[in-house]
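**Q**
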Amino acid sequence: MKIIYMGVFLSSLLFSAIGQGKMPDDLYQQAVIPWEQGQSNSWELMLKAADAGSTQAMCLIAKSTVKSIWVWSDITYKYFKMASDKGAFCGMLAMSTKSEGGLGIMIEGEHGIIEDNTDKDALRAALLKKTKALADQNNIEAIKLYGFLDSLKDRSDDGFCKWMEKAAKLGDADAMKQLSAAIHDGCGWYLMPGSREKAIRYWTEQAASHGNPRAMEQMMTLAEKEQNIDMAINWLNKAMATGNINSVMLFGEYMTAGELVTQQLPPEKRDRVKGYGAFYAITKQLPPNNDNFYYSGSLKRLAKLNKKLSPSEIIEAKKWAEEWMKTHQVRTYGLVFN
Numbered sequence: 006m007k008i009i010y011m012g013v014f015l016s017s018l019l020f021s022a023i024g025q026g027k028m029p030d031d032l033y034q035q036a037v038i039p040w041e042q043g044q045s046n047s048w049e050l051m052l053k054a055a056d057a058g059s060t061q062a063m064c065l066i067a068k069s070t071v072k073s074i075w076v077w078s079d080i081t082y083k084y085f086k087m088a089s090d091k092g093a094f095c096g097m098l099a100m101s102t103k104s105e106g107g108l109g110i111m112i113e114g115e116h117g118i119i120e121d122n123t124d125k126d127a128l129r130a131a132l133l134k135k136t137k138a139l140a141d142q143n144n145i146e147a148i149k150l151y152g153f154l155d156s157l158k159d160r161s162d163d164g165f166c167k168w169m170e171k172a173a174k175l176g177d178a179d180a181m182k183q184l185s186a187a188i189h190d191g192c193g194w195y196l197m198p199g200s201r202e203k204a205i206r207y208w209t210e211q212a213a214s215h216g217n218p219r220a221m222e223q224m225m226t227l228a229e230k231e232q233n234i235d236m237a238i239n240w241l242n243k244a245m246a247t248g249n250i251n252s253v254m255l256f257g258e259y260m261t262a263g264e265l266v267t268q269q270l271p272p273e274k275r276d277r278v279k280g281y282g283a284f285y286a287i288t289k290q291l292p293p294n295n296d297n298f299y300y301s302g303s304l305k306r307l308a309k310l311n312k313k314l315s316p317s318e319i320i321e322a323k324k325w326a327e328e329w330m331k332t333h334q335v336r337t338y339g340l341v342f343n
C-alpha cells in the first residue's frame, strides 16, 4: 500500500470541520484559491478565517508553520490546539501524535523549548471513537480518517482499503483516487488475471468522472497508451476545465507539441492558439515567482511561441485566455485532493 504520511491526512482533513458557523466557513472559502495560487494576501486571509473560528484554516495555519516533525512553533501548537479543542479531526489527529519513544511534541516559543502535556492516548482514543461513530453514519471524512487510523493500529492495508472503498462508493472523488492507488500497490485480493488492473482502472475512471483532475490526467494517459487519441483529448479538456494548474500546463504542452510531451498529438489535433492561451492564463493568475515551475515554465514557453505565432494569432490567443479566465481559476487543488 502506498505510504500515507500524517501531513497528507492533515491536508485532506482541512475540509472536515463540524458544526461551524457560516461566517468562518465563508472566510475560509475566500482564502482557498489565493492560498493555492500563492498570492501575497493568502496568509492574512487564512489567518483571519482561523481566528474567526474556521477549523480548516486553523489546521492549515498550524501545518504551514511546523518547524519539524517533532518540534512545533508556538503558532503551530496554538492553532492545532484550537482546532482540537473544537473537535476538528485534523487538530485531534495532530495533538494525539506521539514522537519517538512516546514523548510529547516539543514546542519552540519565546522562552525556549517546552513539552506539550496533552494526554495523547486519551485524545487518540477519543478520536477513534468519534471517527468510528461518524464513519458508521457515512460521514466521508470520518470514514477516510478512520481507515487511516485503522491501518496504523493493525499494521495492515485491509482496514484502510475497506474504509476507503466505503467512502468511494459514497461518491468521494478523493477516496476513489486513493483507493485506486492502494489497489495498485497491492491492496486487496485479486486472483483472476487482469482483475487488479481492471479495478485500478475502474476507480481511476470513477474519480475522474467525479471531478478529480489528477485522475483525469491518468485517464488521458491510459487513453494515449491505447492509441485512443480522441478519448485522450476529451480527458485533457476536462482536466483543463477544472483549472488544475498541472492540467492547464499539460494542455498547453499538448496543444503546442511541447518538449515535455512524450507522445505528440497529430498536427490536426493541436491548437497553438489555445496552447498559448493556457500558458498566458497561468502567468496572469499566478503571482510573479521565478521559483514557481508553472509560472517560470509558462513564461519560457510563451517566449518560444512568440517567435512561432503570428501577431494576429497571439492577439487571438490572449483574447481566448481572457474569456477562459472569466469562468476559471488556475489552482493546485492541494486543499481538496491528496
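Letter by letter, the sequence shown follows residues 6 to 343 of my numbering. We put the beta carbon where it would ideally sit given N, CA and C, even for glycine.
Taking just the CA atoms, how far does T136 sit from G248?
**A** The alpha-carbon atoms of G248 and T136 are separated by roughly 32 Å.
**Q** Tell me which same chain residues have a C-beta within less than 6 Å of the C-beta of M254, skipping the five on either side of it?
**A** The answer, listed in chain order, is Y299.
**Q** On the CB-based measure, 16 or more other CB atoms within 10 Å of its CB, does W40 come out buried or exposed?
**A** Burial call: buried.
**Q** Let me check understanding here. Comparing Cα to Cα, which of E146, S161 and A93 lies closest to A131?
**A** Nearest option by C-alpha distance: A93.
**Q** If you follow the alpha helix (DSSP H) that G257 is in, where does it begin and where does it stop?
**A** Its alpha helix (DSSP H) spans residues I250 to M260.
**Q** Go to I74, then tell me how far its beta strand (DSSP E) extends in each direction, as first and last residue.
**A** It is not in any beta strand (DSSP E) - I74 carries neither H nor E in the DSSP assignment.
**Q** Does DSSP put R336 in a helix, in a strand, or in coil?
**A** R336: strand per DSSP, three-state reduction.
**Q** Just mark P29 as buried or exposed, buried being the case when its beta carbon has 16 or more other beta carbons within 10 Å.
**A** By the 10 Å Cβ count, P29 comes out buried.
**Q** What do you get for G24, buried or exposed, if any count of 16 or more other CB atoms within 10 angstroms of its CB means buried?
**A** Reliability of the predicted coordinates at G24 is poor, the pLDDT of 41 falling under 50, and no value is obtained from them.
**Q** Hey, is the stretch 158-170 in contact with the stretch 111-128, meaning 3+ C-beta pairs nearer than 8 Å?
**A** No contact exists between the stretch 158-170 and the stretch 111-128.
**Q** So if DSSP puts E120 in a beta bridge, which residue, or which two residues, is it bridged to?
**A** According to DSSP, E120 bridges with M111.
**Q** Using the C-alpha atoms, what's the distance from K324 back to M6?
**A** Bear in mind that the predicted position of M6 carries a pLDDT of just 44, short of 50, making it unreliable; the figure below should be weighed with that in mind. Near 46 Å, if we compare the C-alpha coordinates of K324 and M6.
**Q** Judging by CA-CA distance, which residue of E229, G164 and K83 is the nearest neighbour of M100?
**A** Comparing Cα-Cα distances from M100 to each of E229, G164 and K83, the minimum goes to K83.
**Q** Can you give the Cα-Cα distance for D56 and A36, rounded to whole angstroms?
**A** For D56 and A36, the distance between alpha carbons rounds to 13 Å.
**Q** Rank K174, M63 and L184 by C-alpha distance to the C-alpha of D163 and give the top, closest one.
**A** For D163, the nearest C-alpha among the options comes from L184.
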